[in-house]
Amino acid sequence: MASNNGLVQSVVRALDILELLHKHQDLNISRISSMLGLDKSTVHRLLGTLRQKGYVKQDPETQMYSTTLKFFEMGLYSIDRKGIIRRAHPHLEDLAQKVKETVNLAVLDGINIVYVDKIASTEVIRADLGIGRSCPAYATSLGKAILSHLSESRVLRLLENVSFSSLGPNTIKNLDEFMAQLSQARRRGYAVDDEELMEGLACVGAPILNYAGEPVAAISVAYPRYRYAKDSAEERFIIQNVIDTADRISKELGS
Numbered sequence: 001m002a003s004n005n006g007l008v009q010s011v012v013r014a015l016d017i018l019e020l021l022h023k024h025q026d027l028n029i030s031r032i033s034s035m036l037g038l039d040k041s042t043v044h045r046l047l048g049t050l051r052q053k054g055y056v057k058q059d060p061e062t063q064m065y066s067t068t069l070k071f072f073e074m075g076l077y078s079i080d081r082k083g084i085i086r087r088a089h090p091h092l093e094d095l096a097q098k099v100k101e102t103v104n105l106a107v108l109d110g111i112n113i114v115y116v117d118k119i120a121s122t123e124v125i126r127a128d129l130g131i132g133r134s135c136p137a138y139a140t141s142l143g144k145a146i147l148s149h150l151s152e153s154r155v156l157r158l159l160e161n162v163s164f165s166s167l168g169p170n171t172i173k174n175l176d177e178f179m180a181q182l183s184q185a186r187r188r189g190y191a192v193d194d195e196e197l198m199e200g201l202a203c204v205g206a207p208i209l210n211y212a213g214e215p216v217a218a219i220s221v222a223y224p225r226y227r228y229a230k231d232s233a234e235e236r237f238i239i240q241n242v243i244d245t246a247d248r249i250s251k252e253l254g255s
């Protein structure tokens, strides 16, 4: 049944359940019912449909529900229709071998970036953000690298309702500061995150461009801040290799 605003309520409720499970995982019917303000019978019916279609699963012992990887698999398929992950992966491996740190590939999803591939560092202490994780674009070198190659008007539309919440000790605090960093990233060809996403984490990112010069993804190298002094020869080595690797991937995509 459709509501006055044209939304199909059963679909809206099913999506509300999926979004709730995505955030919390491992919830039972009573908890879902309480958190969403829905009848238990409605929740039970919707969960049964979602489970049958493969979007949620239920632990037979605890009776708790959680999401499956189906949405993630669909998202990866959508992202990689143009072969970005497949083409980038060998270059990520080469970059990781050179810099000995964690290498990431991410795409922009609204005002967030989503990690879609990575090569983890073999170091005992390493920066490790999992595939599928979503983070605010304003607090990552990956997000800044992509946004630096979009038009100013588009960036302003995307960030219209962003509050620049503090995530790390150096998180950007306002739009003017962020736009200045994008301008700097555009001139340099790379963006940085120096303990903006989380304390102790530094990242250097560069955009991957398609044949039209549009950003379709970005790569980054992430490392513990303590490992390299700022602007040291070692850090400059990482920066140059990130830029060079992004350029090579872009050329494969026809840039």
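FYI, my numbering numbers position 194 of the sequence shown as 194, with every residue one higher than the one before it.
Even glycine gets a Cβ: it sits at the ideal position worked out from N, Cα and C.
Cβ-Cβ distance between residue i and residue j below 8 Å
{"i": "V116", "j": "L108", "result": "no"}
{"i": "Y223", "j": "A191", "result": "no"}
{"i": "H149", "j": "I249", "result": "no"}
{"i": "A137", "j": "A185", "result": "no"}
{"i": "A206", "j": "G189", "result": "yes"}
{"i": "G54", "j": "T67", "result": "no"}
{"i": "L142", "j": "A218", "result": "yes"}
{"i": "L36", "j": "L20", "result": "yes"}
{"i": "V221", "j": "V103", "result": "yes"}
{"i": "R13", "j": "L47", "result": "no"}
{"i": "N210", "j": "D194", "result": "no"}
{"i": "G256", "j": "R225", "result": "Past the boundaries of the shown model lies residue 256; the chain is included only from 1 to 255, so the question cannot be answered."}
Counterpart residues of residue i in DSSP-defined beta bridges
{"i": "D193", "result": "C203"}
{"i": "T102", "result": "A222"}
{"i": "D39", "result": "Answer is none; D39 lacks a bridge partner."}
{"i": "D247", "result": "Bridge partners of D247: none, in fact."}
{"i": "I208", "result": "A217"}
{"i": "V107", "result": "V114"}
{"i": "S33", "result": "S33 is not bridged to any residue."}
DSSP three-state assignment for residue i, whether helix, strand or coil
{"i": "S10", "result": "helix"}
{"i": "N112", "result": "strand"}
{"i": "E252", "result": "helix"}
{"i": "S148", "result": "coil"}
{"i": "A180", "result": "helix"}
{"i": "V216", "result": "strand"}
{"i": "I172", "result": "coil"}
{"i": "D117", "result": "strand"}
{"i": "L256", "result": "A question about residue 256 goes unanswered here, because the residues of the chain that appear run from 1 up to 255."}
{"i": "S163", "result": "coil"}
{"i": "S232", "result": "coil"}
{"i": "L27", "result": "strand"}
Inter-residue Cα distance where the pair is residue i and residue j
{"i": "I32", "j": "V43", "result": "7 Å"}
{"i": "Y65", "j": "E196", "result": "34 Å"}
{"i": "R133", "j": "L27", "result": "20 Å"}
{"i": "T140", "j": "R86", "result": "23 Å"}
{"i": "Q52", "j": "Q58", "result": "11 Å"}
{"i": "E234", "j": "E93", "result": "19 Å"}
{"i": "M1", "j": "F72", "result": "Because M1 sits at a pLDDT of 48, beneath the cut-off of 50, its placement in the model cannot be relied upon, and the following sentence gives the value as read from the coordinates. So the two alpha carbons sit approximately 29 Å from each other."}
{"i": "I238", "j": "L7", "result": "49 Å"}
{"i": "R126", "j": "A120", "result": "8 Å"}
{"i": "T62", "j": "F164", "result": "39 Å"}
{"i": "Q25", "j": "D16", "result": "13 Å"}
{"i": "Q181", "j": "R154", "result": "16 Å"}
{"i": "P215", "j": "L38", "result": "42 Å"}
{"i": "L158", "j": "L147", "result": "10 Å"}
{"i": "E252", "j": "I131", "result": "23 Å"}
{"i": "V242", "j": "S30", "result": "49 Å"}
{"i": "A246", "j": "V162", "result": "28 Å"}
{"i": "V99", "j": "D244", "result": "13 Å"}
(message) Threshold first: 3 residues or longer. Then list the beta strand (DSSP E) segments lying entirely within the region 49 to 90, N to C.
(response) 56 to 58 and 65 to 67
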